Amino acid sequence: MAIITLTTDFGTADGYVGAMKGVIARLAGSPAPAVVDLAHDIPPGDIAHAAWVIATSTTEFPHGSIHVVVVDPGVGGTRREVVVRARGRWYVGPDNGVFAYVAEPSSEAYAIENERFRAERVSRTFHGRDVFASTAAAIASGEDPATAGRSVQLAGELPWGPREPATGRIVHIDRFGNLISDFPEAEAGRSVAIAGTVLPLLATYENVPPGELLAYIGSAGTVEIAVRDGRADRRLGLARGALVLPVPSESVGQGPYR
Amino acid sequence: MAIITLTTDFGTADGYVGAMKGVIARLAGSPAPAVVDLAHDIPPGDIAHAAWVIATSTTEFPHGSIHVVVVDPGVGGTRREVVVRARGRWYVGPDNGVFAYVAEPSSEAYAIENERFRAERVSRTFHGRDVFASTAAAIASGEDPATAGRSVQLAGELPWGPREPATGRIVHIDRFGNLISDFPEAEAGRSVAIAGTVLPLLATYENVPPGELLAYIGSAGTVEIAVRDGRADRRLGLARGALVLPVPSESVGQGPYR
Amino acid sequence: MAIITLTTDFGTADGYVGAMKGVIARLAGSPAPAVVDLAHDIPPGDIAHAAWVIATSTTEFPHGSIHVVVVDPGVGGTRREVVVRARGRWYVGPDNGVFAYVAEPSSEAYAIENERFRAERVSRTFHGRDVFASTAAAIASGEDPATAGRSVQLAGELPWGPREPATGRIVHIDRFGNLISDFPEAEAGRSVAIAGTVLPLLATYENVPPGELLAYIGSAGTVEIAVRDGRADRRLGLARGALVLPVPSESVGQGPYR
Numbered sequence: 000m001a002i003i004t005l006t007t008d009f010g011t012a013d014g015y016v017g018a019m020k021g022v023i024a025r026l027a028g029s030p031a032p033a034v035v036d037l038a039h040d041i042p043p044g045d046i047a048h049a050a051w052v053i054a055t056s057t058t059e060f061p062h063g064s065i066h067v068v069v070v071d072p073g074v075g076g077t078r079r080e081v082v083v084r085a086r087g088r089w090y091v092g093p094d095n096g097v098f099a100y101v102a103e104p105s106s107e108a109y110a111i112e113n114e115r116f117r118a119e120r121v122s123r124t125f126h127g128r129d130v131f132a133s134t135a136a137a138i139a140s141g142e143d144p145a146t147a148g149r150s151v152q153l154a155g156e157l158p159w160g161p162r163e164p165a166t167g168r169i170v171h172i173d174r175f176g177n178l179i180s181d182f183p184e185a186e187a188g189r190s191v192a193i194a195g196t197v198l199p200l201l202a203t204y205e206n207v208p209p210g211e212l213l214a215y216i217g218s219a220g221t222v223e224i225a226v227r228d229g230r231a232d233r234r235l236g237l238a239r240g241a242l243v244l245p246v247p248s249e250s251v252g253q254g255p256y257r
Numbered sequence: 000m001a002i003i004t005l006t007t008d009f010g011t012a013d014g015y016v017g018a019m020k021g022v023i024a025r026l027a028g029s030p031a032p033a034v035v036d037l038a039h040d041i042p043p044g045d046i047a048h049a050a051w052v053i054a055t056s057t058t059e060f061p062h063g064s065i066h067v068v069v070v071d072p073g074v075g076g077t078r079r080e081v082v083v084r085a086r087g088r089w090y091v092g093p094d095n096g097v098f099a100y101v102a103e104p105s106s107e108a109y110a111i112e113n114e115r116f117r118a119e120r121v122s123r124t125f126h127g128r129d130v131f132a133s134t135a136a137a138i139a140s141g142e143d144p145a146t147a148g149r150s151v152q153l154a155g156e157l158p159w160g161p162r163e164p165a166t167g168r169i170v171h172i173d174r175f176g177n178l179i180s181d182f183p184e185a186e187a188g189r190s191v192a193i194a195g196t197v198l199p200l201l202a203t204y205e206n207v208p209p210g211e212l213l214a215y216i217g218s219a220g221t222v223e224i225a226v227r228d229g230r231a232d233r234r235l236g237l238a239r240g241a242l243v244l245p246v247p248s249e250s251v252g253q254g255p256y257r
Numbered sequence: 000m001a002i003i004t005l006t007t008d009f010g011t012a013d014g015y016v017g018a019m020k021g022v023i024a025r026l027a028g029s030p031a032p033a034v035v036d037l038a039h040d041i042p043p044g045d046i047a048h049a050a051w052v053i054a055t056s057t058t059e060f061p062h063g064s065i066h067v068v069v070v071d072p073g074v075g076g077t078r079r080e081v082v083v084r085a086r087g088r089w090y091v092g093p094d095n096g097v098f099a100y101v102a103e104p105s106s107e108a109y110a111i112e113n114e115r116f117r118a119e120r121v122s123r124t125f126h127g128r129d130v131f132a133s134t135a136a137a138i139a140s141g142e143d144p145a146t147a148g149r150s151v152q153l154a155g156e157l158p159w160g161p162r163e164p165a166t167g168r169i170v171h172i173d174r175f176g177n178l179i180s181d182f183p184e185a186e187a188g189r190s191v192a193i194a195g196t197v198l199p200l201l202a203t204y205e206n207v208p209p210g211e212l213l214a215y216i217g218s219a220g221t222v223e224i225a226v227r228d229g230r231a232d233r234r235l236g237l238a239r240g241a242l243v244l245p246v247p248s249e250s251v252g253q254g255p256y257r
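In structure tokens:
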């Protein structure tokens, strides 16, 4: 049974997600694919948020699974509609940066042009329904994604670009207000500095009293900053892009790091 | 495999949606129907919002699919519980206007009275669980909806009633703050007037700079008003019911239309 | 087909729920289990909220169904990960009180220790993915839950402890602002007192004019307080834990009950 996941900024108050599911139910063959909601409350138009969400969730699904991402403020404009092969899975959506963490510019990618992958009449503002849902249904039904259209090179990028060695950036703020960086455990050492504060890397929330800041290796294998039973984003007043830096061992315990 | 979709104002923080899914899982036969979440964050009690959501999404599903709608502020009171045949699909819910866009007063409709369609003990405040979920499960299991109860005529209406020719009304405001009208493309001409402002019909968001108002034919085939990367509802301060009018071609380009 | 439900405080904007679904899709055998979203907007860390939600929804599912609950502010700390047999169903989650309404201290329960029930590498902050999802997948695949680990006694409790006879407490506030108590119909008599106000038990919302307070037996079989087309939580300014008391019949109609 094919698996199709859906990640959108459509929320759960409108009919957009339902319309996509309807298209898949109507077009997909038998046996019906499993359609799985990943996240529909991506902040409207927030491409980087979606990119992180799919990087940390779709990779848990089996190889061959199909992942549709519709965070698409440029719908109907110049960005391309694409299907991408990455991490042994298929990704379907706009080429606007949403695939930046799972794919490379060199990843196998195709423009979605062939009529077997698109609705007969494609609206200008709802490609989630008219292009991406129908493409997912086509792949689930056995169509070869390589026949969707021309082979293309991915162009979408995130605002903060690729990471430099020995430097992390806050790339995601989650529901709990945790600040999640792209700084991998292997480079982080024993303490990190963020916004002028040095924090040792601890194991989990209960290592500090309620209300205290802490740093730890999060579930993505990278440094995270949290406040136990609180919100680190509000405590530190930081937005995405803020730097997370390693602290030389000898500096730790000598007062604020500036 | 039968398909049952769920649209409610129960949100995603309580057990109400889960209870409905449990009833369906318990009562439906084998093979189990596919239970599909359409939208659970319909604003509490907002019948017109639900009516638009199901009109623009359930119609994408295959014929014979079953669509349960529970936005039911009058639960336990005088409005009827009904199953309705419309657009080749089955609709299950309260007769309070939620079916106004998909059904006609003349649509085939039945009161849900028969014990095979209702829980043994029906609460006064949760017909989603005790009447509508069990009805959907019964239909999915092969019960004939025409045996649910007496044939009835639908009575539910929306506040703005049926549309008059050459006049559109804002009937839905979506997650992005887009103002969606019921003014069909065929009647709209090349420009429309809303709240004293004339807007030409453009193709998509990128046809205007960020922050600008635009009008276009939306994914429902009707006129929509949006602000690129912004919210048209806040910009114009409009609520549902506001008029959208066609503009005679000769008036366009001659300053504000009043 | 096995059924696995998911209840979390992960929201619908992050990848956490998706990661759990991915693990289940990857580990569960064939035929794939049905994975059902119960509620993902449990307020962050609100154990009592989750406890009520699962008590009023999972019990509608068939016997043998598997219910995963991840509201786990103490993740990585001292609370145990458990699988519990209660009400003829399996519950999987942290032993922190989330199972207080469905299980007893004497319920059959096992610590989740065996490697067949856990990811190879378990993070310190995301047991939803690394312990609970994998345990659910293992049970769905036919593993005997009794082999998950040592038999244990549940320790988690709710702030308000067990109920005393002839006394109810507000234990849940739902999306509509309704105040839901644990005071059962059988003990409630014909009127109840809350915050110094006496309310007769009525049948449903339409028994009072819009904007008025009312009490009634809710869908859980217990006393609820609501404002028709409004929010009782705001009207009364009450939080969970507030008392709901029976009113002797002779007192009713004699002015405020104090």
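Residue numbers (numbering that gives the first Met the number 0), protein chains in the order written: chain A, 0 to 257; chain B, 0 to 257; chain C, 0 to 257. No residue lacks a Cβ here, since even glycine has one placed at the ideal position from N, Cα and C. Remember, it's a predicted structure, so these values are computed and weren't measured experimentally.
| Asked | Found |
| --- | --- |
| Roughly how many angstroms separate the alpha carbons of C:M0 and B:I23, rounded to a whole number? | 14 Å |
| What residues in the stretch 38-51 of chain C bring their beta carbon closer than 7 Å to a beta carbon of chain A? | P43, G44 |
| Taking buried to mean at least 16 other C-beta atoms within 10 Å of its own C-beta, is A:A165 buried or exposed? | exposed |
| May I have the straight-line CA-CA distance separating B:V121 from C:F9, to the nearest angstrom? | 33 Å |
| Kindly indicate which three-state DSSP category C:T134 falls into: helix, strand or coil? | helix |
| Give the interface partners of B:I2 over in chain F, defined as CB-CB distance under 7 Å, in chain order. | You won't find chain F in this structure, because its protein chains are A, B and C. |
| Can you list the alpha helix (DSSP H) stretches of 4 or more residues lying completely in the stretch 33-74 of chain B, in chain order? | 46-54 |
| Cα separation between A:G17 and C:R84? | 35 Å |
| Can the beta-carbon of C:I169 be found less than 8 Å from the beta-carbon of C:V243? | yes |
| Who are the Cβ neighbours of A:P32 in its own chain at under 6 Å, not counting the five residues just before and after it? | A1, I3, A139 |
| Check this for me: beta carbons of A:L37 and A:S133, under 8 Å apart or not? | no |
| With 8 Å as the threshold, decide whether the Cβ of A:T57 is near any Cβ in chain C. | yes |
| Quick check: the stretch 144-157 of chain B against the stretch 171-190 of chain B, are there 3 or more CB pairs under 8 Å? | no |
| So that I know if they touch, is there some Cβ in chain A lying closer than 8 Å to that of B:G217? | yes |
| Looking at chain C, which residues of the stretch 81-105 of chain B have a Cβ within less than 7 Å of any of its Cβ atoms? | none |
| Taking the alpha helix (DSSP H) that B:D143 falls in, what are its first and last residues? | Segment: none, B:D143 is in no alpha helix (DSSP H) and carries neither H nor E. |
| Pick helix, strand or coil for A:S105, following the three-state DSSP scheme. | coil |
| Under 8 Å between C-beta atoms, does C:E205 make it to chain B? | yes |
| Suppose the cutoff is 6 Å on Cβ atoms and the five residues either side in sequence are ignored; what does the same chain contact list for B:Y204 look like? | R227 |
| List, from N- to C-terminal side, the beta strand (DSSP E) runs of 3 residues or more that fit wholly inside the stretch 172-196 of chain A. | 178-183, 190-193 |
| For chain A, check one thing: does any of its Cβ atoms lie closer than 8 Å to the Cβ of B:T221? | no |
| Using a Cβ cut-off of 8 Å, pull out every chain C residue sitting near A:V35, in sequence order please. | G17, K20, A24, V34 |
| DSSP beta-bridge partners for C:I216? | C:V222 |
| Assuming C:G17 is part of the alpha helix (DSSP H), what are its boundary residues? | 15-26 |
| List the endpoints of the continuous alpha helix (DSSP H) containing A:A85. | Unbroken run through A:A85 is the beta strand (DSSP E), 80-85; no alpha helix (DSSP H). |
| Would you list, in chain order, the members of the stretch 173-206 of chain B that have their beta-carbon closer than 8 Å to a beta-carbon of chain A? | D173, R174, F175, A202, T203, Y204, E205 |
| On the CB-based measure, 16 or more other CB atoms within 10 Å of its CB, does B:R257 come out buried or exposed? | Note that B:R257 scores a pLDDT of 34, beneath 50, so its modelled location is shaky; the value from the coordinates is reported in the next line. Exposed: under 16 other Cβ atoms inside 10 Å. |
| Taking only the alpha-carbon atoms, compute the straight-line gap between B:P183 and B:G240 and give it to the nearest angstrom. | 16 Å |
| Under a CB-based cut-off of 8 Å, is C:V121 close to chain A? | no |
| Whole angstroms is fine: what's the gap from B:G210's alpha carbon to A:A50's? | 24 Å |
| Evaluate contact between the stretch 46-61 of chain A and the stretch 111-127 of chain A, counting only Cβ atoms and requiring at least three cross-stretch pairs below 8 Å. | no |
| Could you name the residues of the stretch 56-80 of chain C whose beta carbon sits closer than 8 Å to any beta carbon of chain A, in the order they occur along the chain? | P72, G73, V74, G75, G76, T77 |
| For B:D13, would you say it is in contact with chain A, using Cβ-to-Cβ distances shorter than 8 Å as the test? | no |
| Would you say B:G236 faces chain C, with C-beta separation under 8 Å as the test? | no |
| I need the straight-line Cα distance from C:G141 to A:V91, nearest angstrom please. | 34 Å |
| With H, G and I counted as helix, E and B as strand and the rest as coil, what does DSSP make of B:A154? | coil |
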